[in-house]
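Numbering (our numbering), first residue to last: 2 to 438.
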């Protein structure tokens, strides 16, 4: 006689058994539970710290808005961040901690008391603290681990109980139900501008909270906000698979052009020489494709070399990658020297500084290692503080882990979404600025 053991259903299977209406109701209840957990009395200090952080980071001055509205908006933003983004946007959100994917973070400083070493203020505000979830709720949280989609939308249609929203960063359509929002679906008239967070529930979405609503006369302010999001990493425009594929295709074409023009992926020289090469390259590739308008506000804020400020005995490098695109570097020559023999005491120290700098692309370090392999093991052992480090075995992982996962393979070109065609970009002209470091 044989017996069959029936395993408990996987979390996703538990969710799949529900109808769309049941999923939406479950998701709405779960968002209320998450917010209620963050707002429990024992968490009041952590919420206050997050509110203080939001006010510090906000470009809006209290004197510019109604004080009560300002208090409400900053508090809602702080709560949303603790649930979905983590305290001070560290990634240790309540959602991730419930999934066991984020360790408990240390407490932040109390409002107005952020002196170094002052850390006796309880947890960071996202501790699960006994909050229990069932399999269906866990399945939802697994789909919310990255925070859903936070951005700007325009209502394009209203169908039964949901609205169709066009996202102004990725140019995708979202079928959104009201969820925890206090705004009624019938109020979501076509043409209405919104900002907020939406969370996936199968093929549909719900509002994580009440979205902010904008009148049509503030479209330029919305454009500025979208521009700011398009400069972030990962770039939200690349949620759209067609945009991502087009960007990769364009950067790969540019890479082949760069190699054909200069015979290599690296050009080194004085400031004037590198600038001349940059202009030759841009002349060769021509104007950017319409969907990839390169706005100055969307590029690296650091300036290109200036002959008046950078003497011609300083070496710059123009480097092109088949995915990450073009970078102009003022430290490439020194890092090339670091990677070449002999291994002098200062070289691991300099490499350690670069490894700790998030602005130094890992792909440039990989290129240097490929071209100068003589003492990689000893160099990286000393720089990383890992005595057993072997480049062939550990190098790729070291370079991968020092970059944010979501942006590792992001195309090195800035995407401009369709909102740019609605109004001229405010105070920004077309430009050819290249990222530098």
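Don't be surprised by glycine CBs; every beta carbon is placed ideally from N, CA and C.
{"Asked": "Distance between beta carbons of residue 19 and residue 137, contact taken as under 8 Å", "Found": "7 Å"}
{"Asked": "At least 3 beta-carbon pairs within less than 8 Å: the region 210-220 vs the region 167-186", "Found": "yes"}
{"Asked": "Near the ligand GTP: residue 265 beta-carbon under 8 Å from a heavy atom", "Found": "Ligands are entirely absent from the displayed structure, and the ligand GTP is therefore not among its contents."}
{"Asked": "Reduced DSSP category for residue 15 - H, G, I as helix; E, B as strand; rest coil", "Found": "helix"}
{"Asked": "Residues of its chain near residue 16, where Cβ-Cβ distance is below 7 Å and the 5 sequence neighbours each way are ignored", "Found": "24, 137, 140, 141"}
{"Asked": "Through-space distance from residue 323 to residue 279, alpha-carbon basis", "Found": "17 Å"}
{"Asked": "Sequence-distant residues of its chain with Cβ nearer than 7 Å to residue 162 (five each side left out)", "Found": "178, 186"}
{"Asked": "Helix, strand or coil at residue 241 [DSSP, three-state]", "Found": "coil"}
{"Asked": "Buried versus exposed, by CB contacts within 10 Å (16 or more), residue 88", "Found": "buried"}
{"Asked": "Classification of residue 75 by the beta-carbon crowding that lies within 10 angstroms, buried from 16 upward", "Found": "buried"}
{"Asked": "Between the CA atoms of residue 359 and residue 318 - distance to the nearest angstrom", "Found": "19 Å"}
{"Asked": "Where the alpha helix (DSSP H) containing residue 138 begins and where it ends", "Found": "136-145"}
{"Asked": "Whole-Å CB distance - residue 100 paired with residue 146, under 8 Å assumed", "Found": "6 Å"}
{"Asked": "DSSP three-state assignment for residue 21, whether helix, strand or coil", "Found": "helix"}
{"Asked": "Cβ pair residue 86, residue 52 closer than 9 Å", "Found": "no"}
{"Asked": "Where residue 279 falls: helix, strand or coil (DSSP)", "Found": "helix"}
{"Asked": "Delimiting residues of the beta strand (DSSP E) encompassing residue 197", "Found": "194-202"}
{"Asked": "Selected residue, minimal CA-CA separation from residue 234, among 405, 48, 43, 32", "Found": "405"}
{"Asked": "Buried or exposed (CB count within 10 angstroms, at least 16 for buried), residue 133", "Found": "exposed"}
{"Asked": "Whether residue 126 touches residue 55 by CB criterion (9 Å)", "Found": "no"}
{"Asked": "Extent of the continuous alpha helix (DSSP H) to which residue 96 belongs", "Found": "95-99"}
{"Asked": "Local conformation of residue 352 per DSSP, three classes", "Found": "helix"}
{"Asked": "Straight-line gap, residue 355 to residue 326 (C-alpha atoms, nearest Å)", "Found": "20 Å"}
{"Asked": "Closest by C-alpha distance to residue 26, when choosing among 371, 59, 207, 275", "Found": "207"}
{"Asked": "Sequence-distant residues of the same chain with beta carbon closer than 6 Å to residue 352, five excluded per side", "Found": "339, 384"}
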